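K.L.:
Numbering (my numbering), first residue to last: 796 to 1623.
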């Protein structure tokens, strides 16, 4: 897919997050997957200096989110070639509804399409609206408008005219659409088109902030939370034998959509509160997750990745990415007898691990109850939003006119992103946003994702302190959201070493972290921009930068971005590759300590061969690609070509992808339900504009009703109900065998690889791990057959079929012909 080239956009010409989250009809509920509300009626004053805002959102797919949710999604761009014409046709982005045109003669204006705002534009396609002027009108002025308006535009002569970056471009070839009106600067006179839901009691202000102000910290060790940390043990520590996170396989679930163990805590989100269906957004819970842990273990998975659990506040927050309090677990997950600590305890009791999804980049747009308190949210009284209150003893982040404002969202943003309201620079005050530029790390990417100033030591200390609580509870790993929106320098100076230090103090030196560096491109370097590409974040800095105060840190992160403008200057390594067929000790001295989700593989996974090729050719750019987390699709998108829907290319393609994921380098991850092709082909996320039951985030519980007795990973008996069908399906049986094979062979989990000794068709590679008296070697062929050379002689067993092969003369013949078939020969 061609990714749009986007210029800077006026405050909150916003973008949607590539991972986790969802859309909303309310601008307060703008989420990672899109969404946003609009008031098409026009402008309304905001507070805080009577600033007005224009909010038009685009996500990275080019989907446009305005006016009560997402408009028609933009299809992958294929330019249309037009024949020359003798009149004028004009095209503009679908954000506008009207066109006004006039001529000027002798100082007198003549309106061509009626009085302001003119005539309605016609729908052309998902990218453009258009107007076809009659013959004879070939020289005039025009303005596209409502909502907002362009500047005065002039054309002269027949032809096709396109509004690109705020200017008319004359061409007979459809251009790749620009972002909105092309406005690139903060515009205090722009028209507000977002309107808050008013179906709740106007908030009351709350108490002053309850966080430590930190003026300077030259590195993580000077953060007060690290210096003063005195807990020396974990409340419930994993005590199993798997001490390297590459030994895990991951089952990823949205907790609220997995299994409902307690109907008393079910509730609709604000934006869906009128929904009379029996499928509330907040449906699954901790109790349900625990009840179905045996199902996950029966499939062979050793680790469970769950979406964020901290207290959220937005119109569509069931996914957990719109925090209002990082220090509090959202009670909508809990039951009277079940807390998050119970989840950790129950997982560890089953020899399983918990991966907690965390957000460092942003809060929702109601502030943060401790760090930037504008509101207090009593979640347990969530039926109408009346629980959101403002305590009137605060020092005044919101004006009194907020209570009667027609634009409360604009007032909140004004308070959070202006110097007058945010005097401590808790948030970045950047008023524009663009991808593949430095402001990607300081701008606000979505209406419900207000960008925290992660370079501010006060913010860093608070975030580390908030999430340290979960390390202490016994969480085994963090998945870190929206990583590319934070400078790698900030991660290396503060967050990664701070979390590692606290975990080590608590007695968990094996604590693991991996990040989401969302790059929806097929190549490993995101349009040759290293600083927002996945491999970049796996490395330490190659030079030192000044660090201490917020201002110094901000200057250094900008310099760090500029210093890494070319992929040609990036380091390489052989950590993932065998030397011939010989294992060598990897050098992790330059590792940042964070793995990454393998977005290049993910984006290429419409074909296992393509995913494999992009990895083999580019693994040298990761510090150690054996720590990459690999998935086919997720709660945000599928692979390129089918990225809007859950993977739907059939059982054989799924088998082939799984065969690669569980035998190749990296840590395999399956999104809930993929084992039965749950919701295959369904749109992954359209926010509240479609029922969740019709999306890729549908409720899964009905598919796993029943019970099972589990004796080990992938080994079970006495399965009942629909759970038995789920466990006994073709893909599930395939997964169970792959999980068991991976657990039984350390080379498949930690080994380096080569394909240089394979001759044949399909995918073939050798993996080997040699350390601590162990020498493990595996030869894998997927969807093909061929020979492996230069192997140690001896007996090799296929862990999938059970057959054996005697290697003499260093050569092994393997056959797994047919899409999705696999042979895994391991030396005995």
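We treat Cβ as the ideally placed atom computed from N, Cα and C, and that holds for glycine.
Quantities reported herein were computed from a predicted structural model and do not represent experimental measurements.
Is DSSP giving residue 1274 helix, strand or coil here?
P.N.:
Along the chain shown, read from residue 1 onward, the residue named residue 1274 stands at position 479. In this structure, residue 1274 counts as strand in the three-state DSSP scheme.
K.L.:
Assign residue 1352 to buried or exposed, taking buried as 16 or more other Cβ atoms, counted over all protein chains shown, within 10 Å of its Cβ.
P.N.:
As a position in the chain shown, residue 1352 is number 557, starting the count at 1. It is buried - the Cβ of residue 1352 has at least 16 other Cβ atoms within 10 Å.
K.L.:
Can you give me the C-alpha to C-alpha distance between residue 1407 and residue 1455, rounded to a whole angstrom?
P.N.:
Mapped onto the chain shown, residue 1407 falls at position 612. Mapped onto the chain shown, residue 1455 falls at position 660. So the two alpha carbons sit approximately 8 angstroms from each other.
K.L.:
Mind checking residue 1299: buried by the 16 CB within 10 Å criterion, or exposed?
P.N.:
Here residue 1299 refers to the residue found at position 504 of the chain shown. The residue is exposed, with fewer than 16 neighbouring Cβ atoms inside 10 Å.
K.L.:
Kindly confirm or deny that the region 1050-1069 and the region 1325-1342 touch, where touching means at least three C-beta pairs closer than 8 angstroms.
P.N.:
Cβ pair count under 8 angstroms is below three, so no.
K.L.:
Jot down the residue ranges of each uninterrupted alpha helix (DSSP H) in the region 1356-1411, minimum 4 residues, whole runs only, in chain order.
P.N.:
Correct list: 1394-1399.
K.L.:
Could you pull the DSSP bridge partners for residue 1416 from this structure?
P.N.:
Position 621 of the chain shown, counted from the start, is the residue given in the question as residue 1416. Paired residues: none, contrary to the question.
K.L.:
Specify the secondary structure class of residue 884 as computed by DSSP and reduced to three states.
P.N.:
Translated into positions along the chain shown, residue 884 becomes position 89. Strand.
K.L.:
Just confirm the distance between the C-beta atoms of residue 1172 and residue 1106, as a whole number of angstroms; I'd bet it's less than 8 angstroms.
P.N.:
Here residue 1172 refers to the residue found at position 377 when the chain shown is read from its first residue. Here residue 1106 refers to the residue found at position 311 when the chain shown is read from its first residue. Right, their Cβ atoms sit about 7 angstroms apart.
K.L.:
Would you say residue 1428 and residue 1276 are within 8 angstroms of each other, going by their C-beta atoms?
P.N.:
As a position in the chain shown, residue 1428 is number 633, starting the count at 1. As a position in the chain shown, residue 1276 is number 481, starting the count at 1. Cβ distance not < 8 angstroms, so residue 1428 and residue 1276 don't count as in contact.
K.L.:
Helix, strand or coil: how does DSSP classify residue 1123 here?
P.N.:
Sequence index remark: in the chain shown, residue 1123 carries index 328 (1-based). In the structure shown, residue 1123 sits in a strand (DSSP, three-state: E or B).
K.L.:
Give me whichever residues DSSP pairs with residue 1610 in a beta bridge.
P.N.:
One-based indexing of the chain shown puts residue 1610 at position 815. Paired residue(s): 1580.
K.L.:
Between residue 1163 and residue 1118, is the Cβ-Cβ spacing less than 8 angstroms?
P.N.:
Your numbering for residue 1163 matches position 368 in the chain shown. Your numbering for residue 1118 matches position 323 in the chain shown. The answer is yes: Cβ separation under 8 angstroms.
K.L.:
With a floor of 3 residues, list each beta strand (DSSP E) that falls wholly inside the region 1262-1349, ordered by position along the chain.
P.N.:
Runs found: 1272-1275 and 1307-1310.
K.L.:
With a cut-off of 8 angstroms, do at least 3 Cβ pairs link the region 873-884 to the region 897-916?
P.N.:
With the cut-off at 8 angstroms, the region 873-884 and the region 897-916 do not touch.
K.L.:
Take every Cβ of the region 1025-1034, pair it with every Cβ of the region 1257-1274, and state whether three or more of those distances are shorter than 8 angstroms.
P.N.:
Segments in contact, yes.
K.L.:
How would you call residue 1092, buried or exposed, if buried means at least 16 neighbouring beta carbons within 10 angstroms?
P.N.:
By one-based count along the chain shown, residue 1092 stands at place 297. Per the 10 Å Cβ criterion, buried.
K.L.:
Which residues mark the beginning and the end of the beta strand (DSSP E) in which residue 1090 is found?
P.N.:
Taking the chain shown and counting its residues from 1, one reaches residue 1090 at position 295. Counting along the chain, residue 1090 falls outside any beta strand (DSSP E), though it belongs to the alpha helix (DSSP H) covering 1088-1093.
K.L.:
Do the CB positions of residue 1585 and residue 1605 come within less than 8 angstroms of each other?
P.N.:
Stepping through the chain shown from its first residue, residue 1585 is reached at position 790. Stepping through the chain shown from its first residue, residue 1605 is reached at position 810. Yes.
K.L.:
From the DSSP output, in three-state form, read off residue 1462 for me.
P.N.:
As a working note, residue 1462 is residue 667 in the chain shown. Residue 1462 falls in the strand class under three-state DSSP.
K.L.:
With distances taken from CA atoms, which of 1495, 1405, 1341 and 1486 is nearest residue 1318?
P.N.:
Here residue 1318 refers to the residue found at position 523 of the chain shown. Cα-wise, what sits closest to residue 1318 is 1405.
K.L.:
Nearest CA to the CA of residue 1431: which residue from 1412, 1481, 1445 and 1413?
P.N.:
The residue labelled residue 1431 in the question sits at position 636 within the chain shown. Among 1412, 1481, 1445 and 1413, the Cα nearest to that of residue 1431 is on 1481.
K.L.:
Is it buried or exposed for residue 1360, if we count other Cβ within 10 angstroms and need 16 for buried?
P.N.:
Within the chain shown, numbered from 1, the residue matching residue 1360 stands at position 565. Residue 1360 should be labelled exposed.
K.L.:
To the nearest angstrom, report how far apart residue 1135 and residue 1050 are at their CA atoms.
P.N.:
The residue given as residue 1135 occupies position 340 in the chain shown. The residue given as residue 1050 occupies position 255 in the chain shown. About 12 angstroms.
K.L.:
The alpha helix (DSSP H) spanning residue 1598 covers which residue range?
P.N.:
Working through the chain shown from its first residue, we reach residue 1598 at position 803. Element bounds for residue 1598: n/a, residue is neither H nor E.
K.L.:
Could you tell me whether any non-hydrogen atom of the ligand COA is closer than 7 angstroms to the CB of residue 1583?
P.N.:
Judged by which ligands are present, the structure shown has none, so any question about the ligand COA falls away.
K.L.:
Looking only at its own chain, which residues have a Cβ that is under 6 angstroms from the Cβ of residue 1624, when we skip the five neighbours before and after it?
P.N.:
The first residue shown for the chain is 796 and the last is 1623, placing residue 1624 beyond what the model contains.
K.L.:
Taking the C-alpha atoms as reference points, what is the distance between residue 1088 and residue 1021?
P.N.:
Here residue 1088 corresponds to residue number 293 of the chain shown, with the count starting at 1. Here residue 1021 corresponds to residue number 226 of the chain shown, with the count starting at 1. Answer to the nearest angstrom: the Cα atoms are 34 angstroms apart.
K.L.:
Using CA coordinates, which residue listed in 1392, 946, 1357 and 1403 is at the minimum distance from residue 1442?
P.N.:
Taking the first residue of the chain shown as 1, we reach residue 1442 at position 647. Residue 1403 is the option with its Cα nearest to residue 1442.
K.L.:
Roughly how many whole angstroms lie between the Cα atoms of residue 1047 and residue 1129?
P.N.:
Here residue 1047 corresponds to residue number 252 of the chain shown, with the count starting at 1. Here residue 1129 corresponds to residue number 334 of the chain shown, with the count starting at 1. Roughly 19 angstroms separates the two Cα atoms.
K.L.:
Between residue 1449 and residue 1525, what straight-line distance do the alpha-carbon atoms span, to the nearest angstrom?
P.N.:
Locating residue 1449 in the chain shown gives position 654, where the first residue counts as 1. Locating residue 1525 in the chain shown gives position 730, where the first residue counts as 1. In a straight line, the C-alpha of residue 1449 is about 10 angstroms away from that of residue 1525.
K.L.:
Short of 8 angstroms in beta carbon distance, which residues of its chain neighbour residue 1302, apart from the five on each side in sequence? Order them along the chain.
P.N.:
Your numbering for residue 1302 matches position 507 in the chain shown. Contacts found: 1027, 1028, 1029 and 1032.
K.L.:
Residue 1553 by DSSP, collapsed to three states: which one?
P.N.:
Counting from 1 along the chain shown, the entry for residue 1553 is found at position 758. Three-state DSSP puts residue 1553 in a strand.
K.L.:
Between the Cα of residue 910 and those of 920, 919, 893 and 1264, spot the shortest distance and give me the residue it belongs to.
P.N.:
Here the question's residue 910 lines up with position 115 in the chain shown. Comparing Cα-Cα distances from residue 910 to each of 920, 919, 893 and 1264, the minimum goes to 893.
K.L.:
Are the region 1340-1352 and the region 1248-1263 touching, with three or more C-beta to C-beta distances below 8 angstroms?
P.N.:
Contact holds: three or more Cβ-Cβ distances are below 8 angstroms.
K.L.:
In whole angstroms, what separates the C-alpha of residue 1008 from that of residue 1159?
P.N.:
The residue you call residue 1008 lines up with position 213 of the chain shown. The residue you call residue 1159 lines up with position 364 of the chain shown. Taking the straight line from one Cα to the other gives about 21 angstroms.
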